[in-house]
Structure formats: C-alpha cells, structure tokens
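Take a look at the structure set out below.
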Amino acid sequence: MLREWERCPRHLLVSERSNFQLERSRHGVAVRGHPFNYRVSFLIPECGALPVKLKSVIKNFGKYYLVKDLPLHEFVNHDFINIFIKKGAFYALSYNTKIDQDNTAAVLPTGKLILSVDKDTYEELGLQGQPSRYSGKKVMRYIVTIDLTDASFLPDTKKHKRVLWALKENMPLKFDFLLAWHSTDVEVSTAMSYFSKLKMKEYEPNITSSILRDLHCPVLQNSELQGKPEESCSAHELFDWLGAVYNNVDCNNHSYSFISTYCCPQPSAVLSQAYMCTVTGFILPEKIHHLMDHLCQYFDEPKLAQWVSLTVHGFADSPVSWKESEHGFHKSGENLYNFVIFNNQDYWLQMAVGTNDDCPP
Amino acid sequence: MIKVSKEKSHEVATYERQVQKNVSEYHYMKIRLEFQEKGVHLNAPHFKQLILSALRDLHGEVGAALPFDILTFDEKSFSAILRISNRGLVKLWSALTLLGSYQNHKCAFRVLQTSPFLLALAGNSRELALD
Amino acid sequence: MEGVIYKTLSSAEAKELNIQTQGPKESEAFVSAFLKRCLPGLREEVIQERLNRKAVILEHSVKQKKKQKRKRRKGLSAKEKRQLRLFEIKAEQQRYNLFLPLHNLWKQYIRDLCNGLRADTQPQMIQTKLLKADLHGSLVTVKKSKCPSYVGLSGIIVQETKHIFKIITKDDKLKAVPKCNTVFSVEVDDFISYIYGSRFQLRSSERSAKKFKMKGSIDL
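Chains as they are written, first to last, in my numbering: chain G, 1 to 361; chain F, 1001 to 1131; chain V, 2001 to 2220.
Below, the structure written as structure tokens:
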C-alpha cells in the first residue's frame, strides 16, 4: 500500500526547439490549437516600461461575454450556425462547471459542439457519444461530439431533428457560457446582440503588470534545450523557475533554511529589472498569436534582453486541451504552454498537461 | 522517473522535440488554512511547525522527517504554496486533511490546487469570478 | 480324433453293425424331416435359424428402460408456435391504431385493479399493483438507456418476453427494446411510474408470482 502511495499520477511535458522563420515551425499549431485560454502572461527581462505597440495589443484583446442560462439547443439552431460558426471562429465554454463532477459543454472554432457529461445524463440524453478515455473500467463520463458544420446536419434532417429533440425537449441542458467570437468582416458586438434575449454581460480581460527588481534568472542558451551543466539551464528548469516568478516565490534561500530550500536553477544571473504582465479572461488564440508576433518584433531593435517568455494557461475545466484531444481533471486540470522567444527568432515551446490528457501536438 | 524522449532530426537540424513523462520530481500544492474564529496570528515558521506536527501525528517520526518547502506564505490569508517530493504527496495531503486544531483553535486546511508544475499554480481558471 | 468321430462309416462297418449308411444330402433331409415331425408348431426357416450357431455374450447387461412417451399436450409447444410464427405480428397488422383499443382496455384494467384512480391515490399502492399487472397494452416511453438511440422511444407494448418488450410506436413501427439497462416510464392517468428494466427480466406470468425486494441502490 505504501508503494502505491508513493506513485504519482503521470504528467507530460513536451519541449520543442525551433525557429519562427522555419517553414515547418509549429508555433501556430500550438497556439491556434489551444482554444480556451484563461491567462496569458509574459515576462520581458531588462525592460522597465512596456513598448507602446505591445500595450495596445493587450488593450485590444477583445471583449468576452458571459451569457447566463444559455440553453444548449441555441447552438444547434441554424440561424446561430449561419451567423457565427460559418462566418468566423466561435468559442464557447461553460462557466463554473467542474469537469470532474459536472456536465461541461464547449463550442470549438471548428464548429464542433462538445459535451462532457456524466453517466446518468448520458443515459437520459439520447445522443450517441464516446466513453471518456480516462474513465477506467466503470465508465462514469461520456463525451458527445456534434459537428455543427457537417453537411448532413441541415434543418429537417433526421440527425438534426434528433439532436434538437434531445437538447430541447428530452433534456433541456442549460449552462452559463463564456462566449467570444473572432471574425474579420463582421462587428463582434453587433453580432452578439443575437443573444440579447438572454441575460448577457460584457467583460474585458483583466490586465495586471508589475516590474520585478533584482531577479535571479537562469542562464539560457537557445541551442541547448536540455541545458549544459555549468553553462546553461534546461527548458524544464526554466519552466519551474517561471512558475516561481509568477507565484512570487522567493528564490534567495539557503540549503539549511527551515522554511524553504528552493533556489533559482544554476547557473544564474541577476536581472536588474523585468517586466511582467498578466492578462486574465477568456482569451482567443488569434489574439495570443497576434501578441506573439509582436513579441517577436520586440527584438527588431537591439535590446538588452536575450529572450522574452510568453505563458498561456488553459481552462482547467475545458473538455479539450489541444484541438479535440480530450482533457480531464485528475488532481489538477493543467494544460498550459510557454514560449521562450530568443532574440534571433529561435524559440522554445513547452507544453504541459496533467494526468487525464493526451500528449500535446 | 520515466523519461521518454524522441528526437526528430529533420533536414533542418534546428528542430528538436522532447517528450518527458513525469519529469517533475516535485508536486506543488496551494493551500489555505482556515480558522473558525478570527484573530489568530501565525507566521511562516509556526505554519511549518504546524504542518510538521500534523505529519508527526499521522505518520510518526518518519512522516515528520519528510522534507517539504513553504515557497510562499501569506500571513493575512494563511495561504501558502508547498513543495513536496512526489513520493510524499499523499502523506502530506492526508496529514493536512486530518489536522483539526492549532493551539486549541479549530482550523482546517483547504487544498486549493495541486500540480506537478509550479507554473500551473499561477493560473487557476476555477478562480475566475465573474458576477 | 475329430476326424475319426465324424467320418462316415465304411460300408464294411455298416454291414457289421446293420446300419444303412447315408450320404450328406440324405442325412440332412432326414434331420430336417425329423425335426419337423418333432416340432410341429414351427416353420422350417425358424428351425433352420435355431440350428445356426450363435455367439452368446456371457456378461451382465442392463436392460434399457424404454422411454416413456410423454403425454402429448393438447396444443402446440412453444417451439412449434415459434416455428409457425404465431408470435410474430404480420406487417400489415403493425399499426398503432389497431392497438389503441388494447391500450384503452389496459387503462380500464389498471383502473379496476387500483379501485379507480383518483388524484389522492397513494402512488405506492399503484406501484405495487403495477408490479404484478399485465403490461400488454400499456403506453411506455424509454427514459434512460445505456444505448442512447433507444432513449425517447414510445409506444404500446404488444408483447413481453423475458428480456424484451416489443412495442409499437406512433409511426407504426414495431420495435424490440431490451429490458436490460433500460428505464421505462409508464403513465396512467397522470401517474408516472418508472420501470427499471434490469430488475424486470421475467416473463409476465412469472412476474406476478415474484416477490420484489427493495434493497441497495438501483442503477438503470
């Protein structure tokens, strides 16, 4: 039994090293494939004030909406599909639903409605689904996927009627939804009036920033992902250190300290200052990609910093992590990624997931 | 720990991918100590002492010898981030759960978040409070 | 030795003993004639058969009892009925409207069974009655099922077997719904009862005698 205790649930960390200029570079896949983002943070070493360009980028992250008691059959409605799904990227995620105990729903920009429902709901719902991959012998959770853009999903087809019946008459599921929409040619706020008959509220992402002084910072070398002893730190060590920075952990400890023995990974250097900015809300991947492009351009002019870091936290209770790979909540629902952008357009990408997750792309 | 690594060397040598399984040796826990009544004061050493005594009560001297770190401690909200080796996570968690009092004040630990990645504790989407 | 015993007597010896010698044919004819005379009741073939040598096994053998033929039932057996397709409902008779009178009859039957359904009737009483009642003709709906495509099916029960309800739906389709892993709802005069099919896997005739026990939690 003790042996059993000492085992920890599996977690994965994928580290990649590439260059933005490369044709095969997969940074876009990682960013665009991660639909539901809760927090975007970036750290710029040796920077005292945010460049104006970057400031305007994070100011224009766009609004998101919270719609209360939105019945699910609204998403199956063809007016909705024609307005939102076909003319842009629509993102919706049920709010305040815990995926390890409640039913959860999400609409992906690819036009898929994903329901993660418990066993009892599934048995009553009447829609075909798949047992969750992480459910073990006794299946307690099912994933129902409805492709709203499917050619056979037209009004008055058998399939559409069945889905509509299930969600409207048989089991009128309702959720509070976080909504956001990205479209190039239609004004978002006018389109959102579609939901005006429901209780809807508009939100702006919350921006906080701070300047850190005299920060111990690990030394990185862009070609050494695994690090070199005595010369540079590995990607994983950096990942850990970033966590310490964002959590305001004191890195100046002695090995004999009673409270904490946590130290900055070695070798390290002291930064006189670093700019840290955090944006919290329901943030679209398109905006993150936009921000990343601007962070790359940060090095167009010569800078003191060797690198900048961009960290994105996903929603712990989202039914998907990347693309359509299933996401679950075991002890924690982490799905996050981090870019370290070097001044020569090299980058490191780290993607971390917890126990009930597929390997990131 | 098991490490799975694969390296794809394409025609471009600058691309590298590495998949690491269970790479983190530590688990991080975000916890909060709650008291029934107000006005209890506690600083970081006392806080650590409290957790140590909880470990000793449940797991004996072996449990009390478990090394863990208090990375942050907020004296106002009694919230803290702990670092514990993977092997000790269950022991520490169970000891925290079963602790019931501090100097005759009733109290309880709430485990807010755990993760093998410290960075994951920086963003907990369950804390997103919109009215 | 044998040769000496069985060889034919030489003519000299015969003369000496005053015996007429006979050829093999003549002797055979003599034996058969003699036997015929001694056993007048038997035919010649039977006598010949007796003369044949027979191997006799000197072991104890159990005489097999002859199977007693079962008493034939008056009607056909279930197997025969199945072969004759008596249980099947012909395609042209699979019409919802045809079964509506049966449904009305069933409603009346339940009302009689429960001594008239009033709004203040105890639901438990109805449940105990329904448990033993015949369900042919009742209007049931599938509320929950492990297989989602059964959910929402609704119709009149036309047949009940140990594991299956056969129901006819409003659009004149005959559907077989397994009882296992399915929850049905039955409505009688605004009283809705749920049938947990997994606990109901009995023939209707057996069900009336079965004692249902309430224990544990029920899942599907």
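Yeah, the Cβ is synthetic: ideal placement off N, Cα and C, and Gly gets one too. In this text the structure is predicted, and so the values were computed from the model without any measurement.
Supposed close pair residue i, residue j - CB separation, criterion 8 angstroms
i	j	result
G/Pro364	G/Ile283	Outside the modelled stretch of chain G, which goes from 1 to 361, sits residue 364 of chain G, for which no answer is possible.
V/Ser2185	V/Ser2193	7 angstroms
F/Ile1081	G/Asn247	6 angstroms
G/Gln273	G/Gly48	6 angstroms
V/Val2140	G/Glu124	Actually they are not in contact, since the Cβ atoms of V/Val2140 and G/Glu124 sit about 16 angstroms apart, beyond 8 angstroms.
V/Gln2201	V/Lys2144	About 16 angstroms; that fails the 8 angstroms criterion.
F/Asn1022	G/Arg10	6 angstroms
Cβ of residue i within 7 angstroms of any chain G Cβ
i	result
V/Ile2218	no
V/Gly2116	no
V/Lys2144	yes
F/Thr959	Since the displayed chain F opens at 1001 and closes at 1131, residue 959 of chain F lies outside it and no answer follows.
F/Arg1126	yes
F/Arg1087	yes
F/Ile942	Outside the displayed span of chain F (1001 to 1131) sits residue 942 of chain F, for which this structure offers no information.
F/Thr1014	yes
F/Ala1044	yes
Identity of the residue in the options nearest residue i by Cα
i	options	result
G/Arg133	G/Pro218, G/Gly333, G/His327, G/Asp120	G/His327
V/Val2142	V/Val2183, V/Thr2121, V/Lys2173, V/Asp2172	V/Val2183
F/Leu1099	F/Leu1052, F/Ala1122, F/Ser1085, F/Pro1067	F/Leu1052
F/Glu1034	F/Thr1097, F/Arg1017, F/Val1090, F/Phe1078	F/Phe1078
G/Pro267	G/Met292, G/Thr190, G/Gln101, G/Glu230	G/Glu230
G/Lys168	G/Val139, G/Gly126, G/Arg141, G/Leu148	G/Gly126
G/Ser309	G/Val340, G/Asn335, G/Lys303	G/Val340
V/Lys2146	G/Asp214, G/Thr149, G/Tyr142	G/Tyr142
F/Gln1113	F/Glu1025, F/Ile1031, F/Gly1060	F/Ile1031
F/Asp1069	F/Arg1083, F/Arg1056, F/Glu1061, F/Val1062	F/Arg1083
F/Asn1124	G/Lys98, G/Leu12, G/Pro9, G/Met171	G/Lys98
F/Lys1038	F/Pro1116, F/Asn1086, F/Lys1076, F/Leu1089	F/Lys1076
G/Ile362	G/Tyr256, G/Lys323, G/Glu23, G/Ser193	Beyond the ends of chain G as shown, which are 1 and 361, falls residue 362 of chain G; an answer cannot be given.
G/Cys277	G/Pro302, G/Ala105, G/Val312, G/Phe299	G/Val312
Beta-carbon proximity of residue i to residue j, cut-off 7 angstroms
i	j	result
F/Leu1071	G/Tyr262	yes
G/Ser234	G/Gln221	no
F/Leu1092	G/Ala244	no
G/Phe90	G/Trp181	yes
G/Pro45	G/Leu271	yes
G/Val31	G/His294	no
G/Ser18	G/Ser25	yes
F/Ala1095	F/Leu1058	yes
V/Ala2176	V/Ile2164	yes
G/Tyr95	G/Leu173	no
F/Leu1050	F/Ala1064	no
G/Gly354	G/Ser332	yes
G/Ala352	G/Leu336	yes
G/Gly111	G/Ile83	no
G/Val320	G/Ile207	no
Neighbouring residues, chain G, relative to residue i (Cβ below 8 angstroms)
i	result
V/Ser2149	Gly126, Gln128
F/Thr1097	Neighbours of F/Thr1097 on chain G: none; closest Cβ ~14 angstroms, over 8 angstroms.
Contact list for residue i against chain F, beta-carbon separation under 9 angstroms
i	result
G/Glu230	Ordered by position in chain F, no residue passes the 9 angstroms Cβ test against G/Glu230, which lies about 21 angstroms from the chain.
G/Thr311	Leu1119, Ala1122, Gly1123
Contacts that residue i makes with chain V (C-beta to C-beta distance below 8 angstroms)
i	result
G/Asn170	Val2151, Gly2152
G/Trp165	Gly2152
Cutoff 7 angstroms: residue i Cβ touching any chain V Cβ
i	result
G/Glu46	no
G/Ile123	The amino acid occupying residue 123 of chain G in the given sequence is Glu; Ile does not appear at that position. True, the Cβ-Cβ gap to chain V drops below 7 angstroms.
Contacts of residue i in chain V (Cβ-Cβ under 9 angstroms)
i	result
G/Trp181	Result: empty, since nearest Cβ-Cβ is about 31 angstroms, beyond 9 angstroms.
is_contact[residue i, chain F] using C-beta, thresh 7 angstroms
i	result
G/Glu16	yes
G/Ser321	no
G/Glu334	yes
G/Leu402	Residue 402 of chain G is absent from the structure shown; chain G starts at 1 and stops at 361.
G/Tyr38	yes
G/Cys251	no
G/Leu43	no
G/Ile288	no
G/Glu259	In the sequence as displayed, the identity of residue 259 of chain G is Ile instead of Glu. Yes, because at least one Cβ of chain F sits closer than 7 angstroms to the Cβ of G/Ile259.
G/Ala244	yes
G/Ala352	yes
Interface partners of residue i on chain F, CB under 8 angstroms
i	result
G/Tyr256	Those do not exist, as G/Tyr256 stays about 12 angstroms from chain F at its closest Cβ, beyond 8 angstroms.
G/Tyr203	Leu1130
Contacts of residue i in chain G (Cβ-Cβ under 7 angstroms)
i	result
F/Val1090	Trp5
F/Ser1024	His11
F/Leu1083	Per the sequence shown, the amino acid found at residue 1083 of chain F is Arg instead of Leu. Going along chain G in sequence order, the residues near F/Arg1083 (Cβ under 7 angstroms) are Tyr262.
7 angstroms Cβ cut-off: residues of chain F touching residue i
i	result
G/Phe315	Ser1125
Residue i at chain C interface by Cβ criterion, 7 angstroms
i	result
F/Arg1017	Judged by its chain identifiers, the structure shown contains no chain C, and its protein chains are G, F and V.
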